[in-house]
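This report refers to the structure that appears directly beneath it.
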Ligand code: FES
């Protein structure tokens with residue numbers, strides 16, 4: 002990150018601290034605001050937030066890694082989360098996993114080079130009797146077979 006970018010980013014975080022306050026309770030709100038604007042909370046942002054709230058960077062990192070709606074690296078425009086919990090596992094999650102990996106040429110935990118899709122696993126989506134289940138951004142798809150999963154992937158822009 003260039004020095005100029007760092008300065009303007011620091012300023013942005015200072016503004017958030019002014020807006021939400023500098024005590025610990027403000028931490029989550031500040032992180033959410035950074036996530037919303039930048040789509041992730043970079044290492045630099047985490048350090049700046051820690052510095053301005055006068056807390057240890059590890060504390061900031063632990064919050065970022067705990068909440069699934071926060072992330073420390075840039076992700077794709079579309080997040081695809083395949084349920085890996087037992088009911089979906091038994092209903093054929095492995096076949097869906099192989100099909101989407103093959104189609105996109107990436108593994109779970111990775112993002113396509115064009116930034117279109119990030120693949121992730123998730124725990125139970127509450128659709129256990131309708132597995133395998135997959136969350137595409139905010140929409141849940143159930144009773145999937147590999148062909149349907151690939152078709153769904155090809156529909157996301
Ligand atoms: S086990 Fe997959 S939705 Fe519950």
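Numbering (the working numbering), first residue to last: 2 to 158. Every residue, glycine too, gets a C-beta built ideally from N, C-alpha and C.
{"Item": "Cβ of residue 126 within 7 Å of any heavy atom in the ligand FES?", "Value": "yes"}
{"Item": "Ends of the beta strand (DSSP E) at residue 1?", "Value": "The question about residue 1 has no answer here: the residues shown for the chain are numbered 2 through 158."}
{"Item": "Run through the DSSP bridge pairs and tell me what residue 122 is partnered with.", "Value": "83"}
{"Item": "Per DSSP, residue 91 forms a beta bridge with which residues?", "Value": "Note: residue 91 sits in no beta bridge, so no partner."}
{"Item": "Within a Cβ cutoff of 7 Å, which residues of the same chain sit near residue 78, ignoring the five residues on either side of it in sequence?", "Value": "116 and 117"}
{"Item": "Along the chain, where does the alpha helix (DSSP H) that runs through residue 154 open and close?", "Value": "147-156"}
{"Item": "Under the DSSP definition of a beta bridge, which residues are partnered with residue 140?", "Value": "137"}
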